[in-house]
Structure formats: C-alpha cells, structure tokens
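First to last, the protein sequences are chains A and B. Per the working numbering, the first sequence starts with residue 1, numbered consecutively. Per the working numbering, the second sequence starts with residue 1, numbered consecutively. Where a beta carbon is used, it is the ideal one built from N, C-alpha and C, also for glycine.
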Amino acid sequence: DAKTTQPPSMDCAEGRAANLPCNHSTISGNEYVYWYRQIHSQGPQYIIHGLKNNETNEMASLIITEDRKSSTLILPHATLRDTAVYYCIVRVEFGDNFNKFYFGSGTKLNVKP
Amino acid sequence: NAGVTQTPKFQVLKTGQSMTLQCAQDMNHEYMSWYRQDPGMGLRLIHYSVGAGITDQGEVPNGYNVSRSTTEDFPLRLLSAAPSQTSVYFCASSRPQGYNSPLHFGNGTRLTVT
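Structure below.
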C-alpha cells in the first residue's frame, strides 16, 4: 500500500523540462507530498515537498492539483546528471508521534543527450 | 557537516552470524529511522526512534534490534542473519513531525547474507 502511483520509466531530452506525474488519490487532508530521487543506489535525496500550494525551489517545481489527488514534479532544464529514480511519497502518521514516508517503486527518469 | 553517516558500506555475512550496522547524524535531529530497500521495491520501515531512549517497531522489525542511547547514534543489530535479510539498509534522520521537515538519508549499507 504505497499510497502513490507513478509510471515505471520516462525519457527526457537534455535541456528540456521533465514532468514526472504522481497519483495519490487516497491522500488525506493533512498528509504532505514529498519528492525524492535516488542516483545509483545512493541514499535518497530530498527534492521538494508541499501540502496544497504549488512549490518551487532551486531544484524543481511541484504542482499539486486542487483536489490533491495528483501532483507533478517539474525539472525545468533536465541534465544528464538528473538521470535517477524519482519517488513521490506521502508522509503519513505511523504509531504515536511519528510520520512514516511511504516509498513506492518510483519513476526511472532517463535523460538523453 | 557530514549529515547522516552509515558504516560499513558493504558487508557479507554467513547465515546465523550477527552484526551491527552503525548510523550517526550530526544535525541534532530527534527522529531517526532504519529502512531496507529490496530490488524493485520501495523502502520499508524497520524501526524508528523519536528521541534518545525511545524506540519502536516499523513495518518489518523481525530479526532486528535497535537502541538509542544518544541523540546522534542509532545502531541496527541483526541478531542471527538470514538470506532474506540481504538488502540495502538506509538510516534516516529528521526533525520532529511538527516541523514538516524532510528525511535526510545516509548512503546505505549493502548487506549480503550467504
């Protein structure tokens, strides 16, 4: 029960925007959406997170639909170094006073020259 | 600032052996957790801690023990290794949940049990 659904793989041309979709149709009102990426089986690297509003930082933009059932991560100018597995994660309460991050299988983004 | 440091990077064990995976963070994070990652699957939560002296079980705790005697360290012990524990193990830390802070991960320990 990963709580998110992502396509297994996507291709993107170098220099173009990469738009990675994610469905989280069962998300609850207080659950945040986080995006991470993992390069060559290193530790997952934080990219961005949001609750309702669109968010932007130096790495990416996060667009969340009004009903919060889906979101899109945008890498504005993909480079070869952005080739990685991208995880869309919902942070949920687990036990007392702890938030668990549900990692699914992610999307393998292949950036091609 | 080292972040989250895991040792060793690689380990091979024989069935029945025990060992401890080390995890240390220098960000003064209260929350720490252990995940395992198996091929084609997402990360699954093994154990977690919300502060020194406090630990609790995650989704897949069987065969693992943890302790949290200091804020900085959160070791994971394999009591009697089994081939099913062959995996990549990640330690992560964060500020308490009220801060909506991201998880910071170490670079993992790749464990093979033969």
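Return no unless some Cβ of chain B is closer than 9 Å to the Cβ of residue i.
i	result
HIS49/A	yes
GLY43/A	yes
TYR46/A	yes
SER105/A	yes
ASN23/A	no
Check the DSSP bridge columns for residue i and list the partner residues they point to.
i	result
LYS108/A	SER9/A, VAL85/A
PRO21/A	THR72/A
GLN25/B	VAL4/B
GLN146/B	One cannot answer for residue 146/B here, as it falls past the ends of chain B, which runs 1 to 114.
Which residues bound the beta strand (DSSP E) around residue i?
i	result
VAL50/B	43-51
LEU51/A	Counting along the chain, LEU51/A falls outside any beta strand (DSSP E), and DSSP gives it neither H nor E.
LYS100/A	99-102
ARG95/B	No beta strand (DSSP E) contains ARG95/B, which DSSP labels as neither H nor E.
ARG16/A	No beta strand (DSSP E) holds ARG16/A; DSSP gives it neither H nor E.
So, using beta-carbon positions, are residue i and residue j closer together than 9 Å?
i	j	result
LEU109/A	VAL90/A	no
GLY42/B	PHE103/A	yes
ALA60/A	ILE39/A	no
GLY58/B	ARG44/B	yes
LEU76/B	VAL60/B	no
LYS112/A	GLU31/A	no
PRO96/B	VAL50/B	yes
Could you tell me whether any Cβ in chain A is nearer than 9 Å to the Cβ of residue i?
i	result
HIS29/B	no
SER74/B	For clarity, residue 74/B is Phe in the given sequence; the question names Ser instead. Not one chain A Cβ lies under 9 Å of PHE74/B.
From this set, the options, which residue's C-alpha is nearest residue i's C-alpha?
i	options	result
THR79/A	GLY50/A, LYS3/A, GLN6/A, ALA18/A	ALA18/A
PHE94/A	GLY16/B, ASP73/B, HIS104/B, HIS47/B	HIS47/B
CYS22/A	GLY29/A, SER28/A, TYR87/A, VAL111/A	TYR87/A
THR20/B	ASP26/B, GLN11/B, MET27/B	GLN11/B
ASN62/B	ALA52/B, GLY40/B, GLN85/B	GLN85/B
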